[in-house]
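Heads up: the structure comes next, in structure tokens.
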Amino acid sequence: MSVLKYASKLRKMSSAEISFRVRQQARNRAESLRWKKNGNKREVFIPQHIREWDLRQHPFPAPGVRFFGLGEDAGDLRNEFSRLFPGKLASLQPQADQLLAHRFRFLGLAVELPDPIPWNRNPQTGAEYPRQHHALMDTFNTEKYGDVKYAWELNRHQFFIDIAKTYFLTGEEKYAAKIWEWLESWIRDNPHKIGINHTSVLEHAVRIFSWLWAYFFTRQSAVWTPERLEILARNLLLQGEMIEENLSYYYSPYNHLIGELAALAFLGTVYGNSPKTQTWRDRYWQELEEQAEKQFHPDGFTVEQAGYYHHFTLGFYLMVAVLREQNGLPVSARLWEILERAIELPMHLTRPDGQLPMSGDIDSARSLYFYDPEPKWDLRAFAALGAAIFRRADLKFVAGSAGEEILWLSGSAGVQAFERLKAEKPAQSSREFPGSGYAVMRDGWESGSNYCCFDCGEIAHGVFRDETPSAAHGHADILSFELCIEGRPLVIDPGFYTYFGPLEWHRYFRSTRGHNAIEVNGAGQALHQGRLGWSNVSLPKTEIFKTSPEWEFAGGAIDRFAGLGEKVFHRRYILFRKGKYFLVMDEVAGEGGKPFQVESSLHFSPGNLMFRNDRLVRNGQEAALLALPDTAKVSIAAGGAAPDQGWMAQGYGERAPAPVMRITLQKSLPVRLGMLFPLPALRNRVSRLHIEYGGENITVYRVATEEGEERVHLNPRRKKFWIGSEETDAVCVIETSGPGKEKRMMLIR
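Numbering (the numbering used here), first residue to last: 1041 to 1789.
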């Protein structure tokens, strides 16, 4: 980071943040010196009160604590599992046995590790990290060690839960025994504050959840002797100590901070029989409640603008809130309202195929971890859990069926609550979410419905419009959209690949060019700063969202292109003519008469895509018609050598070929582009789409069909104009006509 950028960032820090960072740096420096001075003694950083921890005085877990559904009769739960998920146990055991053999699959990697597991080795590359104080670690040296996410993922120990659940359902001791073997090995290889597995505090938080779930699933096993329980309790406390010293108030104050606070409150609730753990239970729960307003927009979506991190954060909140209520601890009505909205919004974003748009960064992290969702972006289990908690019939309709989350978190009472609900379609098919900037247009909730998700929201909360760098998980995807025709995805968000892989691949999936959006002279909506940083971000504006029985209409704009210099903006409007088509209308306008290079990108779901005579043909079927200036060139790529040559990434470290279309032209502004996606009723029946007129204020798109034609008059500046004998300032007018039909106008104001 340059001196000027560092100074700009420093000026934006509060005195509290500066003080926090200085204290943390001083502590780390002092500990690093202490580590060297004490000849690398493995227990040098274990606090005295944990060395002397007395399990007789503070038995683990706290007597009388209820741990979710596992507080019920084990036999009843096993029977309920078999009833709800017939045949599932047969597939669980082979998967668990693969783990027993140290065969792991995560983040797109399949690897077999030796016994004992080398916890300080990166499974991606086999490179060994040094044993030294965490502040001295060269964590992000990818050339030497590889992507640190693979080491962290292994050491989150979420696969403990897979093994423990299999023990619970089968009673086979080999599974419980393996958990203790792994845990003992990990404790031996990872002294407190030493090594790669102490460099990210969030990993300590996830380990707390993993260890506690694994323990309660295997609680009846003979493996848990009093001596081993004492070791487990002390090491849980050490994870908590590390978190409390390094809470991510300023480094990563969103999903990281929530996971850390939740882990302390969670452990404090399970083990709240000492002054220390009671403080964690109560103080950090209070902080979680206070943070909720900062973590979610008023409409319910995460301020990080990333779908997987939304559910990561939401899962932490739900676990601690449910656990507290089950143990007679207060949870405010206000927080339940926020969590209900945070479940409701993804219900509306859910596509007809049951998946969510792949928006924002993803590291495939899950806080509610009981199985691997397939497909990865099918997160309707949260809707099912929300249906049980909030008694919401519409959430049940979208969820379709109960997930394991209901059984393990809420037990038989939660399952019964879900099953008693009579599923009902959500009251609204289409809806705008002004806080997060999403507009969803659909003609129904059936699996064969047509759907569009239009993103007019900010890149992420907290990013800066000036040169100051700011890290964020949101992408430069303002005005991007997704389409499903007859329930099947057509235009998609291509997702996110890796944080620490090749830089060009990392940046492409975050860039404006890597989304269904427009760049001008190579400038997008923000400038890259390092791996995760943005600066000079564009400002979005939702201009309109209107619905009627015959049409739906949404529009938005960005105010500039980052680093371009000239004042150039982009407006996009989407018209959904129900039963007929989606029409996407773009205008790039601004100052100056010189030509600009305008490039519009469109990413498609996997398939064969071709361009013929102003038409896109996908898998032999007409997919879209284009209305373009004469100088425009259209290119299509799929599965090429570079990231911009047709790829999608459904999860971290995973990618698959998927076609991308680019429209490129050099022209003086304004530039207008039209894309029409016909629904089945009009497929192969639209003879032409073209821009009939493009004036200073009005653009007229003409859709010619076998039955007649429609003219769409777009008036983004809302100037008065005459259409026929009527004067109007409507932002859009749909004019229909045809042989033997009376001319008709629909005004959108």
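Ideal Cβ placement from N, Cα and C applies to all residues, glycine included. Here the structure is a predicted model, which is why all the values come from computation and not from measurement.
Distance CB(residue i)-CB(residue j) smaller than 8 Å
i     : j     : result
P1338 : Y1548 : no
G1603 : L1567 : yes
S1510 : W1574 : yes
K1581 : G1564 : no
L1389 : Y1478 : yes
W1325 : R1381 : no
L1649 : P1699 : yes
E1112 : S1578 : no
Q1279 : I1234 : no
E1592 : S1470 : yes
Helix, strand or coil at residue i [DSSP, three-state]
i     : result
W1325 : helix
L1425 : helix
Y1741 : strand
V1773 : strand
R1111 : In the sequence as displayed, the identity of residue 1111 is Gly instead of Arg. Helix at G1111.
H1232 : coil
S1575 : strand
K1128 : helix
E1472 : strand
K1052 : coil
K1462 : coil
T1239 : coil
F1601 : coil
R1161 : strand
A1563 : strand
Q1331 : helix
H1610 : strand
Neighbourhood of residue i by C-beta distance below 7 Å, restricted to the same chain and skipping five residues each side
i     : result
R1196 : E1243, V1246, R1247 and S1250
I1446 : A1424, L1425, A1428, G1454, V1455 and F1458
L1419 : H1351, P1386, L1396 and P1413
G1833 : Nothing in the structure corresponds to residue 1833, since the chain is present only between 1041 and 1789.
A1305 : W1320, R1321, Y1324, W1325, L1328 and V1360
Separation of residue j from residue i, as counted between CA atoms
i     : j     : result
L1572 : M1688 : 19 Å
A1150 : T1182 : 19 Å
L1666 : N1556 : 15 Å
Q1133 : K1214 : 12 Å
E1092 : V1084 : 14 Å
M1387 : S1489 : 15 Å
Q1366 : N1162 : 39 Å
R1652 : N1724 : 13 Å
P1315 : R1482 : 53 Å
G1368 : R1321 : 13 Å
Q1164 : F1256 : 31 Å
Q1439 : K1781 : Per the sequence shown, the amino acid found at residue 1439 is Ala instead of Gln. The straight-line gap from Cα to Cα measures roughly 44 Å.
N1659 : G1647 : 6 Å
R1069 : T1179 : 16 Å
S1292 : F1121 : 38 Å
Of the listed residues the options, nearest to residue i (C-alpha basis)
i     : options                       : result
D1626 : L1713, A1672, D1654 and G1368 : L1713
F1125 : F1060, A1066 and W1448        : W1448
R1757 : E1270, E1747 and E1736        : E1736
S1777 : R1742, I1378 and E1767        : R1742
V1360 : E1522, S1588, A1302 and W1222 : A1302
T1671 : N1659, K1707 and Q1690        : K1707
I1532 : G1514, Q1690, R1482 and H1546 : Q1690
P1099 : T1206, V1310 and Y1411        : V1310
W1222 : T1210, V1771, E1212 and L1140 : L1140
A1167 : V1188, L1176 and D1155        : V1188
S1704 : R1051, P1669 and A1191        : Residue identity differs from the one stated: residue 1704 is Thr in this sequence, not Ser. Nearest option by C-alpha distance: P1669.
G1186 : A1262, I1236 and I1227        : I1236
R1374 : E1559, E1444, E1329 and R1702 : E1329
F1536 : Q1088, I1402 and R1051        : I1402
E1522 : I1614, S1476, I1499 and K1052 : I1614
Cutoff 6 Å; reference residue i; Cβ partners in own chain excluding five residues on either side
i     : result
L1287 : E1300
D1434 : E1464 and P1466
E1747 : G1778
Q1569 : P1509 and S1575
G1148 : G1693 and E1694
A1405 : F1352
Q1135 : none
Cut-off 8 Å between Cβ atoms - residues of its own chain near residue i, not counting five sequence neighbours on either side
i     : result
I1731 : A1667, R1712, G1714, T1739, V1740, Y1741 and R1742
G1734 : P1710, R1712 and V1740
Residue i Cβ short of 7 Å to the ligand ZN heavy atom set
i     : result
A1167 : This structure lacks the ligand ZN, and indeed carries no ligand of any kind.
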